[in-house]
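Worksheet: the structure to be examined is printed underneath.
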Amino acid sequence: MVNAKVSRYLPYGDWRPLQARIADFIYDKLGEGRGIIVEAPTGVGKTAAALAAALAYSEGEPVKIVYMIRTNNQAAVPMREISRLFKIKGVFIPYVLIRNRARMCCISSTSRLPYRDFLMECNYLKRTGQCSYHVKLRESGVDGSLFMDTVAGLESPADYVKSVCKLGVCPYDASRMLIGNAKVVVLSYYYLFSLNAPEVVNLDLKSSILIIDEAHNLPYAILDLNTQYLTESMVKAATSDVRKFVEDINIKAGALRALASLRALFKDLIADLGEQSEKRIDSSKVLEYFNDVEYLDEALDEVLMAKRSRGILLAGSALSDIIDFYRSIIKMPKDKALFLSMSSEGRAVVSRLMDPSVAASVVMNNAYGFIAMSGTMPPTRLFTSLLGVNVKVSELRIGLMEYIKPSNVKAAIYGEVTTKYTERDEEQYGRIAQTLMDIYDVVRHSVLAVFPSYDTLKATRKYIRRDVDLVVEIGTTTIDEVLASMKVNPHKLILAVAGGKLVEGIEFRLNDVNYIDVVAIVGVPYP
1 MVNAKVSRYL PYGDWRPLQA RIADFIYDKL GEGRGIIVEA PTGVGKTAAA LAAALAYSEG
61 EPVKIVYMIR TNNQAAVPMR EISRLFKIKG VFIPYVLIRN RARMCCISST SRLPYRDFLM
121 ECNYLKRTGQ CSYHVKLRES GVDGSLFMDT VAGLESPADY VKSVCKLGVC PYDASRMLIG
181 NAKVVVLSYY YLFSLNAPEV VNLDLKSSIL IIDEAHNLPY AILDLNTQYL TESMVKAATS
241 DVRKFVEDIN IKAGALRALA SLRALFKDLI ADLGEQSEKR IDSSKVLEYF NDVEYLDEAL
301 DEVLMAKRSR GILLAGSALS DIIDFYRSII KMPKDKALFL SMSSEGRAVV SRLMDPSVAA
361 SVVMNNAYGF IAMSGTMPPT RLFTSLLGVN VKVSELRIGL MEYIKPSNVK AAIYGEVTTK
421 YTERDEEQYG RIAQTLMDIY DVVRHSVLAV FPSYDTLKAT RKYIRRDVDL VVEIGTTTID
481 EVLASMKVNP HKLILAVAGG KLVEGIEFRL NDVNYIDVVA IVGVPYP
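Residue numbers (my numbering): 1 to 527.
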């Protein structure tokens with residue numbers, strides 16, 4: 001029997017059997033220790049159970065619930081549960097959403113800039129009074145009650161941003177201002193786990209219960225958040241910008257010298273790779289090639305001003321990425337390392353965090369409590385070791401066979417195609433495409449094809465027939481856009497990447513109907 005306090009926060013009529021078990025476990029263990037791990041299959045209802053238990057527990061404690069998301073698409077999951085709780089049961093939960101500032105911008109042209117360039121443009125527009133959303137927020141503030149009423153009942157990040165823009169204020173800054181008014185904060189991993197985040201949020205970890213969905217990915221997501229690149233293509237693009245837009249003779253000459261030195265870096269050091277695709281290197285060897293760096297800052301200012309004055313939209317520059325990379329390695333902590341790398345994207349110097357616990361331990365151990373959930377959680381000892389967790393952890397693991405009968409799932413292995421690296425060629429990609437089209441042709445709704453990498457996806461895509469209604473995952477793809485497209489035509493072939501935006505922590509449902517008939521796993525993703 002689920003605690004009545006917990007049931008009050010269930011946005012549905014009845015508990016599913018396993019969902020009730022999860023909710024009871026979380027509610028009981030929040031009072032006993034600091035960490036909770038839940039492994040349960042997709043579809044059990046982990047999000048609703050965790051939110052209900054945490055909200056019920058918070059009634060007697062001065063705590064806030066922070067729902068952590070890795071991708072922008074995953075933000076819709078807790079929003080949907082909070083919305084349904086309001087619509088179905090009339091229980092109002094004040095919440096705010098804080099994700100990538102650019103994704104929350106009301107000015108669509110600036111939101112597509114590279115992130116550092118976006119921040120510079122955003123600051124420029126605010127400083128010069130050209131952002132009306134910032135001006136109104138600065139001069140009049142925001143009515144917390146009106147804000148919370150406006151976002152109540154919304155089920156997607158896109159609707160959240162549009163609705164707050166209609167209030168005439170910046171959704172990002174208004175949301176940050178109202179953290180204190182919120183019971184639930186939906187927050188990107190970036191703000192707690194990035195060592196170099198240019199912006200922070202005002203959260204008291206000691207009074208925050210963290211809910212981390214798709215937590216099996218957390219160690220790798222932290223490493224990815226704290227990885228930076230200097231690529232040869234960046235240097236070429238920056239050189240083009242300096243030649244075209246910088247007019248000051250001294251600044252131009254100094255910046256071009258600095259960039260020429262970086263071109264020499266790739267020529268000299270990448271040659272040392274030999275047959276290797278990657279090789280570790282001491283930072284001092286890379287820093288030798290960063291000469292006249294001060295000119296890059298001055299050149300960046302001129303480039304952005306010149307582009308802006310000429311009315312060029314998306315007026316960013318690769319100079320900003322180069323400057324960021326330099327700043328990251330001159331004060332590089334001992335837990336990061338530099339690598340020379342050669343890939344299909346070109347030559348690069350990569351700065352990587354080697355130990356995720358450097359960023360995670362202070363967060364996980366100082367939070368009031370955390371709930372880490374996934375359908376495929378690693379062993380608890382491994383998970384806590386990777387993240388440097390040293391608080392008491394309780395775990396609940398529900399196996400797939402407790403939820404789904406084997407007779408309910410049909411699995412087939414097609415051995416006529418492979419993504420084995422040594423056998424990848426155009427003929428193989430053509431066979432993969434034909435296999436996917438054969439499946440697509442016989443199903444009523446959609447096929448979700450999950451590829452091990454973007455390279456394999458792109459190589460296969462060109463062999464898909466033109467009459468196939470195709471959705472291809474790219475950097476800007478959102479689940480809202482895909483669902484809107486499926487409303488028009490639910491028969492689609494969706495090409496996605498393992499670990500990407502269209503695979504984990506989301507559902508392809510319209511009016512509670514699943515519109516994915518077949519999941520095609522194209523090869524085995526690694527790692």
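The C-beta atom is built at its ideal place from N, Cα and C for all residues, glycine as well.
Buried versus exposed call for P527 [16 or more other C-beta atoms within 10 Å across all chains shown]:
As a working note, residue 527 is residue 527 in the sequence shown. The pLDDT assigned to P527 is 46, lower than 50, so where the model puts this residue is not dependable, and the model offers no usable value.
Once you ignore the five residues that flank L510 on each side, which residues in its own chain have a CB closer than 8 Å to its CB?
Within the sequence shown, residue 510 is the residue found at index 510, counting from 1. The answer, listed in chain order, is L483, M486, K487, P490.
Can you tell me which residues form a DSSP beta bridge with V447?
Start at 1 with the first residue of the sequence shown, and residue 447 comes out as number 447. Per DSSP, L493, V518.
Just how far apart, CA to CA, sit K378 and H216?
Position 378 of the sequence shown, counted from the start, is the residue given in the question as residue 378. Position 216 of the sequence shown, counted from the start, is the residue given in the question as residue 216. The residue you asked about is not Lys; residue 378 is Pro in the sequence shown. Distance from the CA of P378 to the CA of H216, rounded to the nearest whole angstrom, comes to 6 Å.
Three-state class that DSSP yields for Y67 in the structure shown
Counted from its first residue, the sequence shown places residue 67 at position 67. DSSP, reduced to helix, strand and coil, places Y67 within a strand of the structure shown.
Excluding the 5 residues flanking T376 on each side, which residues of the same chain have their C-beta closer than 8 Å to its C-beta?
Position 376 of the sequence shown, counted from the start, is the residue given in the question as residue 376. Only E39, H216 meet the Cβ criterion.
For S407, which three-state DSSP category applies?
Here residue 407 is taken as the residue at index 407 of the sequence shown, counted from 1. Note: S407 maps to helix in three-state DSSP.
How far does the alpha helix (DSSP H) with T231 in it reach, from first residue to last?
Your numbering for residue 231 matches position 231 in the sequence shown. First-last for T231: 228-231, but that is the beta strand (DSSP E), not the alpha helix (DSSP H).
Three-state secondary structure (DSSP) at R465?
Here residue 465 is taken as the residue at index 465 of the sequence shown, counted from 1. Here R465 sits in coil by DSSP.
Cβ pair count under 8 Å reaching 3, the stretch 362-374 against the stretch 32-51
Short answer: they touch.
Taking 8 Å as the cut-off, decide whether the C-beta atoms of V2 and D24 are in contact.
For the purposes of this step, residue 2 is identified with residue 2 of the sequence shown, where counting begins at 1. For the purposes of this step, residue 24 is identified with residue 24 of the sequence shown, where counting begins at 1. Taking 8 Å as the cut-off, the Cβ atoms of V2 and D24 count as close.
Those residues which DSSP pairs with D372 across a bridge:
Translated into positions along the sequence shown, residue 372 becomes position 372. The residue asked about is misnamed: residue 372 is Ala in this sequence, not Asp. For A372, which the question treats as bridged, DSSP gives the partners I37, I212.
Starting from the C-beta of V135, find all residues in its chain whose C-beta is less than 7 Å away, skip the five residues before and the five after it, and write them out in chain order.
Sequence index remark: in the sequence shown, residue 135 carries index 135 (1-based). Cβ neighbours of V135 beyond the five flanking positions: G129.
On a Cα-Cα basis, can you pick out the residue from R116, V184, Y160 that is closest to Y9?
Locating residue 9 in the sequence shown gives position 9, where the first residue counts as 1. Closest by alpha carbon: V184.
Given 8 Å, three or more beta-carbon pairs between the stretch 131-149 and the stretch 166-173
Touching, per the Cβ criterion.
Within a Cβ cutoff of 8 Å, which residues of the same chain sit near I439, ignoring the five residues on either side of it in sequence?
Position 439 of the sequence shown, counting from 1, holds the residue named residue 439. Cβ within range, chain order: V447, V518, A520.
Own chain, CB closer than 6 Å to A52, minus 5 neighbours either side, in chain order:
One-based indexing of the sequence shown puts residue 52 at position 52. Once the five neighbours on either side are set aside, the close Cβ partners of A52 are V6, Y9, L10, A23.
Spatial distance of F193 from R352 (CA atoms)
For the purposes of this step, residue 193 is identified with residue 193 of the sequence shown, where counting begins at 1. For the purposes of this step, residue 352 is identified with residue 352 of the sequence shown, where counting begins at 1. When rounded, the distance between both Cα atoms is 14 Å.
At least 3 beta-carbon pairs within less than 8 Å: the stretch 218-225 vs the stretch 287-303:
As far as the Cβ criterion goes, the stretch 218-225 does not touch the stretch 287-303, which means the pair count is below three.
Nearest-angstrom Cα separation, counted from L146 out to L495
As a position in the sequence shown, residue 495 is number 495, starting the count at 1. As a position in the sequence shown, residue 146 is number 146, starting the count at 1. As the crow flies, the alpha-carbon of L495 is around 40 Å from that of L146.
When V164, A158, P157, S156 are compared against D149, the one with the closest alpha-carbon
For this step, residue 149 is matched to residue 149 along the sequence shown. The candidate whose alpha carbon is nearest that of D149 is V164.
At what residue ranges does the stretch 259-289 contain a whole run of the beta strand (DSSP E), taking only runs of 3 or more?
Counting whole runs of 3 or more residues, the stretch 259-289 contains the beta strand (DSSP E) stretches 278-281.
State the DSSP-derived secondary structure class of Y115, mapped to helix, strand or coil.
Here residue 115 refers to the residue found at position 115 when the sequence shown is read from its first residue. The DSSP-derived three-state label of Y115 is helix.
Can you tell me whether N226 is buried or exposed, with buried defined as 16 or more other CB within 10 angstroms of its CB?
For the purposes of this step, residue 226 is taken as the residue at position 226 of the sequence shown. Under this definition N226 is a buried residue.
By a C-beta neighbour count over all protein chains shown, 10 Å radius and 16 as the cutoff for buried, is L382 buried or exposed?
Here residue 382 is taken as the residue at index 382 of the sequence shown, counted from 1. Looking at its Cβ environment, which holds fewer than 16 other Cβ atoms inside 10 Å, L382 is exposed.
Every unbroken beta strand (DSSP E) inside the stretch 348-403 [3 residues or more]:
List check, beta strand (DSSP E) in window: 369-374, 393-397.
Quick one: what does DSSP say I88 is sitting in, helix, strand or coil?
Locating residue 88 in the sequence shown gives position 88, counting from the first residue. In this structure, I88 counts as helix in the three-state DSSP scheme.
Verify whether the separation of the beta carbon atoms of T418 and Q428 is less than 8 Å.
For the purposes of this step, residue 418 is identified with residue 418 of the sequence shown, where counting begins at 1. For the purposes of this step, residue 428 is identified with residue 428 of the sequence shown, where counting begins at 1. In contact: T418 and Q428 (Cβ atoms closer than 8 Å).
Pair within 8 Å by beta-carbon distance, N73 and K501:
What you label residue 73 is simply residue 73 of the sequence shown in a count that begins at 1. What you label residue 501 is simply residue 501 of the sequence shown in a count that begins at 1. Yes, they are a contact pair.
CB of V293 within 8 Å of CB of A258, strictly
Looking up residue 293 in the sequence shown gives position 293. Looking up residue 258 in the sequence shown gives position 258. Contact flag set, yes.
Rounded distance between the beta-carbons of V246 and V349, thought under 8 Å
Against the sequence shown, residue 349 aligns to sequence position 349. Against the sequence shown, residue 246 aligns to sequence position 246. The Cβ separation is near 24 Å, so there is no contact.
Taking DSSP's pairing of strands, which residues face V96 in a bridge?
Along the sequence shown, one-based indexing puts residue 96 at 96. Paired residue(s): V185.
R347: buried (16+ other C-beta within 10 angstroms of its C-beta) or exposed?
Position 347 of the sequence shown, counted from the start, is the residue given in the question as residue 347. The residue is buried, with at least 16 neighbouring Cβ atoms inside 10 Å.
If you follow the beta strand (DSSP E) that L470 is in, where does it begin and where does it stop?
Along the sequence shown, one-based indexing puts residue 470 at 470. Looking at the DSSP string, the run of the beta strand (DSSP E) that includes L470 is 470-472.
Can you give me the start and stop residues for the alpha helix (DSSP H) that F147 sits inside?
Residue 147 sits at position 147 when you count from the first residue of the sequence shown. Judged by DSSP secondary structure, F147 falls within the alpha helix (DSSP H) whose first and last residues are 144-151.
Might you give, ordered along the chain, the residues of its own chain that have their beta carbon closer than 8 Å to the beta carbon of G33, omitting 5 neighbours on each side?
Walking along the sequence shown from the start, residue 33 turns up at place 33. Sequence-distant Cβ neighbours of G33 in its own chain, meaning closer than 8 Å and more than five residues away, are G369, V391, K392, V393, S394.
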